[in-house]
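Student:
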Amino acid sequence: MAEITYRRPEVSDAKNIVDFYNYVGGETSYLSFEKDEYPLDAAAQEAAIRELEGNDNNIMLLAMDGEEIA
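Residue numbers (the numbering used here): 1 to 70.
1. Report yes if the C-beta distance between V11 and L40 is below 8 Å; otherwise report no.
2. What does a CB cutoff of less than 7 Å around N58 pick up in its chain, not counting 5 residues either side in sequence?
3. Which value, in whole angstroms, describes the spacing of the CA atoms of A43 and A14?
4. Return the Cβ separation of I4 and M60 in integer angstroms, given the expectation that the two are a contact with Cβ distance under 8 Å.
5. Buried or exposed for Y38, going by 16 or more other Cβ atoms inside 10 Å?
Now the structure itself:
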């Protein structure tokens with residue numbers, strides 16, 4: 001396991017974010033969705049990331065374990 005780092009997402013991260021949420025949805029009952037039920041597809045996630053760019057009131061951070069979302 002590499003050191004965990006935090007960074008803002010890039011549009012190119014969208015598919016990996018969706019894949020991550022679809023995976024973890026099956027690991028807990030504390031989310032509003034289950035495995036493979038994340039409500040956004042990659043295109044919608046890309047739009048959400050773009051919407052946050054330059055926004056001073058909202059931020060999204062990714063916890064990264066090397067090149068993987070942790």
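All C-beta atoms in this analysis are idealised placements derived from N, C-alpha and C, irrespective of residue type, glycine included.
Tutor: A quick look at the data gives this:
1. Your numbering for residue 11 matches position 11 in the sequence shown. Your numbering for residue 40 matches position 40 in the sequence shown. Going by C-beta atoms, V11 is not nearer than 8 Å to L40.
2. Stepping through the sequence shown from its first residue, residue 58 is reached at position 58. Around N58, the same chain offers L52 as residues with beta carbons nearer than 7 Å, after the five sequence neighbours per side are excluded.
3. The residue labelled residue 43 in the question sits at position 43 within the sequence shown. The residue labelled residue 14 in the question sits at position 14 within the sequence shown. Looking at the backbone, the Cα of A43 and that of A14 are separated by about 8 Å.
4. Taking the sequence shown and counting its residues from 1, the one referred to as residue 4 is at position 4. Taking the sequence shown and counting its residues from 1, the one referred to as residue 60 is at position 60. Separation of the CB atoms of I4 and M60 is rounded to 16 Å, and the pair is thereby denied contact status at 8 Å.
5. As a working mapping, residue 38 is identified with position 38 in the sequence shown. Sixteen is the threshold: when 16 or more other Cβ atoms of the shown chains lie within 10 Å of the Cβ of Y38, as they do, the residue is buried.
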